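Participant: Chains A and B supply the protein sequences, listed in that same order.
Going by the numbering used here, the first sequence opens with residue 17, and the numbers climb by one from there.
Going by the numbering used here, the second sequence opens with residue 272, and the numbers climb by one from there.
Note that beta-carbon positions come from the ideal geometry of N, C-alpha and C, so glycine has one too.
Source: prediction; values computed, not measured.
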Amino acid sequence: MKLLDVWHKLRGASGFDGGVVLDMHKQTAASPIVDCPLPSVLIHPLKQHIGASCKSLVHVGDTVLRGQKIGKSQGYISAPVHAGTSGRVVRIEEHTVPHPSGLGMPCIFIEADGEDRAVAVGPKLHHWSMEEPAVLRERVRLAGITGLGGAGFPTYVKLLKDQRSPIHTVIINGIECEPWLTHDHRMLCEQSDTMVQGLMLLLHMVGAKRGVIAIEDNKPDAIAAMQEAIEAWYAASEHQKALKLSVQALPTRYPQGSEKQLIQAITGHEVPAGKLPMHIGVLCQNVGSTYAIYQAVTHGHALTERVITVSGDALPKPANMRVRLGTPMRFVFAQCGLEVFDDIQIIHGGPMMGERLKNAEAPVVKATTGLLAMQRDVLLAEHQVEEPCIRCGHCSDVCPVRLVPNLMADFSRQGDFEKAEEYQLFDCIECGCCSNVCPSHIPLVHYFRYGKGQLAQIRKEKSFAEASRQRSEQRAGRMEQEKSEKAARRSRVRAQAKPAVTEDKDA
Amino acid sequence: MMIHISPPHQHGGDSIRATMLSVMIALLPATLCAVWLFGWLAVWQIMTCMGVCMLGEWVALRMMARPSRLSDGSAALTGLLLALTLPALVPWWMTVCGSLFAIILGKQLYGGLGYNPFNPALSARVILLISFPLAMTSWLLPAATMPAAVDLYDVTTTLTLFFGGVESLGLTLDGMTAATPLGYIKTDAMQGIAVAASLQAHDYSYFNAFVGNEGGSLGETSALALLIGGILMLARGTIRWHIPVTYIATVAVLAAIFHAVDADRFAPPLFHVLAGGLLLCAFFMATDPVSSPMTVQGHIVFGIGCGLLTWVIRTWGGYPEGAMFAVLLMNCTVPLIDQYCRPRVYGHR
């Protein structure tokens with residue numbers, strides 16, 4: 017095994033296996049972040065994260081303030097939803113959300129009153145280094161922060177301390193390996209001091225000593241800005257030399273920014289299957305999340321806005337924008353000069369892992385990293401026909417998880433889901449490298465999703481069948497018991513009755 | 272019809288046609304070399320093979336009511352590869368039979384592109400060798416060493432040879448053919464002649480073997496042309512280095528060990544590497560994606576297996592050349608290799 021690891025080290029030039037070099041299209045890399053105006057109505061879906069949905073706390077007609085909690089989190093892995101601006105709740109109904117199905121989800125509609133009055137989730141904690149980590153963690157939970165890199169995992173869960181595996185390294189993920197997207201890049205350039213402060217805050221919260229800001233080498237200005245900010249911090253605070261902060265430039269290769277691959281590239285360790293990064297002592301936070309955490313702690317701001325990249329080859333004026341959560345996408349596109357969507361495909365996120373949307377009606381949510389307006393005919397799957405697999409093995413060459421994608425896809429297509437699972441289907445991170453390089457244009461990721469969905473269904477049915485089998489067994493057992501009890505009672509009754517009968521006869 | 276909307280939405284631009292075209296471009300030096308050595312005869316063989324293979328593919332797909340796949344170039348490539356493994360003097364009808372066998376029995380009956388367990392060109396070549404051993408082992412002399420009566424650069428002469436055979440020119444095979452180096456050291460060895468003496472008796476030169484000026488199949492003689500093509504494919508990422516390198520290295524290492532032990536009985540390593548169809552098989556046949564393993568570990572096992580079998584068949588087998596048998600035999604083991612040579616998945620022990 018050790019020898020194999022050395023082999024993989026030699027092969028993977030930047031510390032993780034496989035990966036592809038993509039056309040990056042980073043047209044907005046030099047566009048400063050601009051504020052998107054406030055629309056007349058904000059739409060807040062009640063579920064914007066991985067985990068349980070929220071419960072509405074408001075009714076139609078209620079007035080709310082910016083930052084006021086309007087959706088209550090239910091369950092352990094969940095995050096509350098806050099009003100994006102001050103105004104009146106006008107509707108609570110199903111509305112389309114950023115999902116390829118175009119299906120709806122309960123949403124709260126807030127009509128802005130234009131005053132944008134805000135309420136904080138707690139007092140400002142400028143001296144956070146004096147506070148207990150638990151207090152700060154609670155603040156992050158109250159602020160409704162989720163991972164802003166796209167996956168939307170509730171952030172406070174990642175900050176929980178596990179006594180068995182203390183965190184030693186905090187990584188700020190500034191890789192941004194998806195083509196077109198540049199919002200993290202701009203944040204690093206424009207908010208470099210806040211980023212260092214945010215990193216310090218995270219180190220304090222988890223008790224770690226080493227902080228790494230990971231940036232791909234295609235963003236030299238961001239690397240320079242962060243290095244400068246770290247040097248300035250070292251110069252300013254002499255008493256905190258115990259902390260080791262650094263900027264690490266990594267080769268530009270997709271999916272460098274995938275959490276597990278980034279951890280492998282920086283620490284040289286793999287996150288064991290079925291475990292979280294915290295189990296090997298690492299915390300990884302996205303640039304946007306770090307900024308949001310810092311704002312929540314120091315200013316008491318709930319998560320009501322985020323920075324996104326609005327771009328694509330069909331967009332007249334691409335930009336990096338600070339957008340209020342809940343802003344309809346149509347409104348955002350209109351700010352960039354796009355009003356008519358004929359022959360244009362909207363993508364929510366980047367072109368490698370983002371989702372195609374049916375229309376522009378859905379709102380911007382916490383997990384929105386970017387909005388792309390693409391010419392439909394240049395996209396994969398619009399003009400390409402799936403051809404037979406020629407077993408060239410490019411898919412397994414580029415797989416960062418070292419799977420054999422074409423076999424897994426084949427098993428899924430044939431309905432042999434158990435076999436696909438045996439080939440570790442559930443370890444697939446759906447980065448899309450395999451589909452990207454496939455000369456036969458096989459939609460491998462599509463087959464993996466199909467296979468995963470079917471397996472989940474099979475498991476559900478199995479557990480349902482198991483439960484009903486147990487129920488029927490229990491019922492049979494109960495019946496048996498009742499029967500024997502009844503028989504025992506009857507014989508007892510009969511035994512008691514017998515003398516009476518004889519007496520009767522005697523009489 | 273399934274409409275897939277899953278990501279990714281951006282594609283790297285690779286396609287089956289580009290892959291096939293890339294291999295064909297890499298075969299260009301060997302093809303030109305064949306034309307230089309065997310004149311118009313090489314052109315007729317190559318055109319017949321490619322034409323019949325494409326025709327066979329078109330007819331087979333039409334009969335099965337499947338969409339035409341001619342534009343992906345895989346049938347044309349099979350034709351070119353088959354032509355380059357044939358001796359120049361094979362009669363036209365054998366060439367036609369071989370081409371039809373390659374496409375219809377070797378490929379389409381297994382399910383078409385992507386499903387054939389054996390390399391179609393190699394399997395057709397083996398069928399031809401077994402069916403017509405004399406024609407398939409009569410190696411025409413290259414144009415430069417050919418008697419003046421036969422001009423291989425003349426269109427009518429070569430057409431007469433191709434369709435009518437040697438007899439139609441009033442000649443016999445004897446004056447026009449010569450054994451390959453692998454062939455004569457094998458026959459000489461049976462008479463107890465040492466390898467070095469045998470090579471000397473036949474005026475063997477490493478230079479001729481390297482540039483290709485010796486008897487052999489159309490495209491296999493020139494090591495230089497094949498190396499150029501192989502390096503081109505490696506540079507363009509069409510193939511990975513693992514199969515050709517392990518294949519050639521295995522043959523070379525085995526030959527070196529045995530040559531060191533008994534130089535009279537076993538040929539030196541460089542001779543083995545330059546001789547016969549080894550380089551053609553190592554770069555163009557064993558790397559055929561459909562009939563070779565998928566993972567890097569699998570490639571290494573496959574390459575070593577091919578090398579081992581090639582050397583064993585050359586040294587102790589009934590045929591002087593073993594490369595094609597070795598690759599076909601290793602093709603059989605591919606499902607097994609794929610089953611066991613799976614990389615360790617991230618995060619698993």
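1. Find out if the Cβ-Cβ distance for the pair A:Ala159, A:Val186 is shorter than 7 Å.
2. Nearest chain B C-beta to A:Leu430 closer than 7 Å, yes or no?
3. Quick one: is A:Arg418 near chain B, going by C-beta distance under 7 Å?
4. Using a Cβ cut-off of 7 Å (strictly closer), state whether A:Ser451 contacts chain B.
5. One question on the structure: do A:Gly328 and A:Leu266 come within less than 7 Å of each other, judged by their Cβ atoms?
6. Check B:Gly618 in the structure and name its three-state DSSP category.
7. Determine whether the beta carbon atoms of A:Gln264 and A:Val222 lie at a separation below 7 Å.
8. When you compare the CB positions of B:Pro391 and B:Gly377, do they come within less than 7 Å of one another, or not?
9. Mapping the DSSP letters down to three states, classify A:Phe357 as helix, strand or coil.
10. Please name the residue in A:Glu434, A:Ser456 and A:Met369 whose C-alpha comes closest to that of A:Glu403.
11. Does any residue of chain A have a CB that is nearer than 7 Å to the CB of B:Leu227?
12. In chain B, what lies closer than 9 Å to A:Lys276 by C-beta?
13. Which residues of chain B have a Cβ atom closer than 9 Å to the Cβ of A:Met529, listed in chain order?
14. By the three-class DSSP mapping on this structure, what secondary structure does A:Gln440 have?
15. Tell me which same chain residues have a C-beta within less than 6 Å of the C-beta of B:Cys324, skipping the five on either side of it?
16. Locate the beta strand (DSSP E) running through A:Ser327, then write down its first and last residues.
17. When you compare each of B:Ala538, B:Pro452, B:Gly383 and B:Val598 to B:Ser409 by their alpha carbons, which one comes out closest?
18. Using the rule of at least 16 other Cβ atoms within 10 Å of the residue's Cβ for burial, across every protein chain shown, is A:Lys502 buried or exposed?
19. Does chain B have any CB closer than 7 Å to the CB of A:Leu395?
20. Give a yes or no on whether the C-beta atoms belonging to A:Ser253 and A:Thr171 are separated by under 7 Å.
21. Within the 7 Å Cβ cut-off, does B:Met565 reach chain A?
22. Are three or more beta carbon pairs between the stretch 463-477 of chain B and the stretch 390-404 of chain B nearer than 8 Å?
23. Identify whether A:His111 lies in helix, strand or coil by the three-state DSSP scheme.
24. Using the rule of at least 16 other Cβ atoms within 10 Å of the residue's Cβ for burial, across every protein chain shown, is A:Glu477 buried or exposed?
25. Any C-beta of chain A sitting closer than 7 Å to the C-beta of B:Asp285?
26. What's the C-alpha gap between A:Gly168 and A:Gly67?
27. Can you tell me where the beta strand (DSSP E) with A:Thr185 in it begins and where it stops?
28. Please list, in chain order, the residues of the stretch 350-369 of chain A that have any C-beta partner in chain B closer than 7 Å.
29. Taking A:Ser262 as part of the alpha helix (DSSP H), name the residues at either end of that continuous run.
30. Report the neighbours of A:Met390 on chain B: residues whose CB is nearer than 8 Å to its CB, in chain order.
31. So, is A:Gln280 buried or exposed, given that buried needs 16 or more other C-beta atoms within 10 angstroms?
32. Provide the residue span of the alpha helix (DSSP H) that contains B:Val516, from first to last.
33. What residues of chain B sit near A:Asp269, judged by a beta carbon separation below 8 Å?
34. How many angstroms separate the CA atom of B:Val397 from the CA atom of B:Val482?
35. Just the Cα atoms here: how many angstroms apart are A:Lys85 and A:Cys447?
36. Count the other CB atoms within 10 Å of the CB of A:Thr343; is the residue buried (16 or more) or exposed (fewer)?
Facilitator: A quick look at the data gives this:
1. no
2. Inspection of the sequence shows that residue 430 of chain A is occupied by Gln rather than by Leu. No, because no Cβ of chain B sits closer than 7 Å to the Cβ of A:Gln430.
3. yes
4. It does: the Cβ of A:Ser451 has a partner Cβ on chain B nearer than 7 Å.
5. no
6. coil
7. Result no, Cβ atoms of A:Gln264 and A:Val222 do not sit closer than 7 Å.
8. Between B:Pro391 and B:Gly377, the gap from beta carbon to beta carbon is short of 7 Å.
9. coil
10. A:Ser456
11. One cannot answer for residue 227 of chain B here, as it falls past the ends of chain B, which runs 272 to 620.
12. Tyr617 and Gly618
13. For chain A, the structure presents residues 17 to 523; residue 529 of chain A sits outside this window and is missing.
14. coil
15. Ala346, Thr349, Gly350, Ser370 and Ile374
16. Glu321 to Ser327
17. B:Pro452
18. Burial call: exposed.
19. yes
20. no
21. yes
22. no
23. strand
24. exposed
25. yes
26. 9 Å
27. Thr185 to Gly190
28. Ile363, Pro367, Met368 and Met369
29. Element bounds for A:Ser262: not the alpha helix (DSSP H) but the beta strand (DSSP E), Lys260 to Leu266.
30. Simply His280.
31. buried
32. Note, B:Val516: alpha helix (DSSP H), His513 to Val532.
33. Residue 269 of chain A is actually Arg in this sequence, not Asp. What A:Arg269 touches in chain B: nothing, since even the nearest Cβ is about 13 Å away.
34. 26 Å
35. 34 Å
36. buried
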